[in-house]
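> Structure in structure tokens, see below.
Residue numbers (the working numbering): 280 to 436.
Written out as structure tokens, the structure reads:
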């Protein structure tokens with residue numbers, strides 16, 4: 280990351296690094312976490328690739344890979360301005376809820392996979408017990424998320 284930032288910028292960049300390290304614990308490359316963290320706090324909220332690279336100290340190649348990953352995940356989008364050729368990136372409105380809901384749906388879908396595995400190995404086996412544990416956790420997750428209230432609309436809390 281850049282070293283020529285002022286005190287407020289340094290605090291923002293330290294926060295961006297915290298985001299990167301948090302996501303790295305789940306296997307997200309640090310530079311990808313930095314891109315997301317930066318786009319969450321930058322001003323203006325739409326940034327060009329050059330602006331992002333300068334802010335977080337990323338190479339253009341790393342940024343290209345990271346933005347592609349974040350777009351695929353549904354966190355950011357790429358925009359151009361009328362008559363311009365520069366691409367700008369921004370966090371998608373409502374991205375966090377959409378991403379979490381998609382992840383929960385994928386996890387709870389594994390419940391069926393575990394149930395199918397139990398049918399294959401027989402109900403009273405040690406293998407079935409391991410599969411049952413997975414199925415039960417995914418059942419619990421589905422129930423919790425089905426009963427959870429929706430998040431507050433943007434800007435409210």
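Ideal Cβ placement from N, Cα and C applies to all residues, glycine included.
Between the segment 399 to 416 and the segment 355 to 373, can you find at least three pairs of beta-carbon atoms closer than 8 Å?
no
> In whole angstroms, give me the CA-to-CA distance for residue 416 and residue 348.
28 Å
> Which of the three DSSP states is assigned to residue 360 in this structure?
coil
> Which value, in whole angstroms, describes the spacing of the CA atoms of residue 330 and residue 385?
34 Å
> Determine the DSSP secondary structure at residue 427, reduced to helix, strand or coil.
coil
> Does DSSP classify residue 370 as helix, strand or coil?
strand
> Just the Cα atoms here: how many angstroms apart are residue 377 and residue 383?
10 Å
> Which residue from 412, 344, 288 puts its Cα closest to that of residue 307?
Measuring from the Cα of residue 307, the nearest candidate turns out to be 344.
> Between which two residues does the alpha helix (DSSP H) holding residue 346 run?
Membership of residue 346 in the alpha helix (DSSP H) is indicated by the continuous run 339 to 352.
> Report all residues from its chain with a CB closer than 7 Å to the CB of residue 303; omit the five preceding and five following residues, and keep chain order.
309, 312
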